[in-house]
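Here the structure comes first, spelled out in structure tokens, and everything after it is commentary.
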Amino acid sequence: MGAILLQGGTVLAHEGDLVKVLCDHDILIVGNKIEDIGQGLTLPDGSAVRVIDCQGKIVSPGFIDTHHHLWQSQRIKNWASDTSIEFDEDLLPEWWLSTLELLAKSAPFGDGRVRLGLGFDDFKVPRETVRDLWARCHALDSVSLLKEYDLLNSKILFSHINGIAESDAQILLAYGAHFSSTPETELQMGLGEPVAFNPDLSSNASIGIDCHSNNSGDILTQLRLGMQHARGVENVQVSENGEYPNVNIKLERIFSLGTIQGARAVNMADKIGSLEVGKLADIVIFNATSPSMVCAAKENPLAAVLLHANVGDIEVVVVDGVVRKECGNLVDVQLLDGINERPGEVLHQREISTRLLESRARIIERGRGQDVGRGMEFLYKTFG
Numbered sequence: 001m002g003a004i005l006l007q008g009g010t011v012l013a014h015e016g017d018l019v020k021v022l023c024d025h026d027i028l029i030v031g032n033k034i035e036d037i038g039q040g041l042t043l044p045d046g047s048a049v050r051v052i053d054c055q056g057k058i059v060s061p062g063f064i065d066t067h068h069h070l071w072q073s074q075r076i077k078n079w080a081s082d083t084s085i086e087f088d089e090d091l092l093p094e095w096w097l098s099t100l101e102l103l104a105k106s107a108p109f110g111d112g113r114v115r116l117g118l119g120f121d122d123f124k125v126p127r128e129t130v131r132d133l134w135a136r137c138h139a140l141d142s143v144s145l146l147k148e149y150d151l152l153n154s155k156i157l158f159s160h161i162n163g164i165a166e167s168d169a170q171i172l173l174a175y176g177a178h179f180s181s182t183p184e185t186e187l188q189m190g191l192g193e194p195v196a197f198n199p200d201l202s203s204n205a206s207i208g209i210d211c212h213s214n215n216s217g218d219i220l221t222q223l224r225l226g227m228q229h230a231r232g233v234e235n236v237q238v239s240e241n242g243e244y245p246n247v248n249i250k251l252e253r254i255f256s257l258g259t260i261q262g263a264r265a266v267n268m269a270d271k272i273g274s275l276e277v278g279k280l281a282d283i284v285i286f287n288a289t290s291p292s293m294v295c296a297a298k299e300n301p302l303a304a305v306l307l308h309a310n311v312g313d314i315e316v317v318v319v320d321g322v323v324r325k326e327c328g329n330l331v332d333v334q335l336l337d338g339i340n341e342r343p344g345e346v347l348h349q350r351e352i353s354t355r356l357l358e359s360r361a362r363i364i365e366r367g368r369g370q371d372v373g374r375g376m377e378f379l380y381k382t383f384g
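Given below as structure tokens:
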């Protein structure tokens with residue numbers, strides 16, 4: 001079994017919801033799991049060990065994105081249809097349900113890295129339809145209705161919940177349900193204050209990117225933007241009361257929002273979200289000597305990541321024990337063909353970019369002459 005030794009880095013480790021900085025520490029990865037964390041670690045006998053020098057680096061648990069419209073990465077804002085399209089009046093047609101069941105039986109994918117979930121937010125359908133759908137996939141949305149249907153529990157992950165009523169918020173907390181805030185989208189689209197930074201609700205919060213067609217595609221940006229906005233709102237209120245501004249939203253809390261709390265939200269806290277022996281090797285390594293991080297990293301490594309770093313400072317990414325980014329570049333990726341996951345071709349990042357642009361061009365071409373107004377009418381009729 002192969003092994004990777006991350007040697008001599010500054011490790012950001014969790015102790016509960018607190019963050020402990022471990023200087024000059026090693027992390028030993030065997031297979032896809034963290035085997036040991038400590039100083040001067042010895043290598044396992046008979047293993048093909050790869051050593052990655054992490055001196056001058058900050059080693060962090062991987063960040064967890066709990067809400068992302070991934071397909072919108074192609075930045076398409078048109079309806080993929082033409083003016084003769086006819087919308088299916090049946091919101092849950094049989095072909096859709098059979099496809100869902102096929103995927104559910106085949107999941108998880110990618111050696112367990114890809115799991116199946118369902119986003120649902122139309123409550124005009126009958127109660128029994130909702131209950132039947134829940135029985136098929138165990139995923140739904142709406143606080144009071146789920147409580148009424150006896151379906152609310154800690155496996156539920158709500159999206160946004162901006163402007164949630166206090167009574168619904170208390171129900172959510174009481175049942176241990178989680179939610180995802182997407183600061184950049186929510187602030188731009190006028191959805192209201194991102195709820196994840198509300199101290200009364202943050203224990204069940206996580207962070208998502210939402211629409212990459214609309215904004216940046218990394219969790220660091222979402223954490224920083226949401227935190228500083230929330231700090232600003234707090235300080236306006238403090239100033240209006242004639243008091244001096246204060247920083248009540250602490251960095252440890254924000255770091256946990258993007259890591260261990262995201263893992264709890266997707267029911268994977270026993271596998272990812274923190275650097276612990278026995279967990280999957282899901283790791284991000286920052287170059288702490290970059291122009292943006294160099295002095296801050298020496299003063300406060302956690303602040304260097306949350307207040308100073310950008311995605312260009314990430315040198316290495318390890319996902320499920322496999323190096324996916326190295327020396328600042330994404331490594332080649334092998335595609336899996338279909339739900340049976342037969343190994344397919346291997347692509348370089350440049351080829352992936354080329355194919356995305358080609359797909360984008362085809363979608364734009366198919367969309368020429370669309371009746372966007374009709375599409376919006378259907379959207380509001382269905383979900384409004």
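As numbered in full-length UniProt numbering, residues 1 to 384 make up the sequence shown, in order.
In this text, a Cβ means the ideal position worked out from N, Cα and C, and glycines have one as well.
Computed from a predicted structure; not experimentally measured.
- Leaving aside the five residues that flank residue 13 on each side, the residues in its chain whose CB is nearer than 6 Å to its CB run, in chain order, 20, 22 and 275.
- Of the other Cβ atoms in all chains shown, fewer than 16 fall within 10 Å of the Cβ of residue 361; this residue is therefore exposed.
- Going by C-alpha positions, residue 251 is about 21 Å away from residue 291.
- Check the Cα spacing between residue 66 and each of 160, 190, 207 and 104: the tightest is with 207.
- Within a 10 Å sphere around the beta-carbon of residue 327 sit fewer than 16 other beta-carbons, which makes this residue exposed.
- In this structure, DSSP gives residue 221 a helical state, which the three-state scheme calls helix.
- Contact annotation: the segment 48–57 does not touch the segment 155–174, with fewer than three C-beta pairs closer than 8 Å.
- A straight line joining the alpha-carbon of residue 108 with that of residue 33 spans about 18 Å.
- Of the candidates 30, 110, 18 and 352, 30 places its Cα closest to the Cα of residue 2.
- The beta-carbon separation of residue 196 and residue 202, rounded to 6 Å, stays under the 8 Å limit for a contact.
- With respect to residue 24, residue 38 sits apart: the two C-beta atoms are not nearer than 8 Å.
- Its Cα nearest to that of residue 363, the residue 71 stands out among 59, 71, 41 and 55.
- Listed as beta-bridge partners of residue 326 by DSSP are 329.
- Per DSSP, reduced to three states, the secondary structure at residue 308 is helical.
- Inter-residue distance for residue 213 and residue 194 is about 19 Å (C-alpha atoms, whole angstroms).
- Cβ neighbours of residue 254 within its own chain (closer than 7 Å, five residues either side excluded): 223, 227 and 306.
- DSSP, read as helix, strand or coil, puts residue 350 in helix.
- Annotation: the continuous alpha helix (DSSP H) that includes residue 99 extends over 94–106.
- Its Cα nearest to that of residue 320, the residue 283 stands out among 334, 288, 338 and 283.
- Of 229, 232 and 265, the smallest CA-CA separation from residue 173 is found for 265.
- Contact annotation: residue 323 and residue 36 have beta-carbon atoms that are not nearer than 8 Å.
- About 13 Å separates the beta carbons of residue 296 and residue 56, which is beyond the 8 Å limit, so they are not a contact pair.
- For residue 50, the uninterrupted beta strand (DSSP E) run begins and ends at 49–53, by DSSP.
- In its chain, beyond the 5 residues on either side, 175, 176 and 177 have a beta carbon closer than 8 Å to the beta carbon of residue 153.
- Residue 229 and residue 94 have their C-alpha atoms roughly 45 Å apart.
- Counting along the chain, the unbroken beta strand (DSSP E) around residue 10 starts and ends at 3–15.
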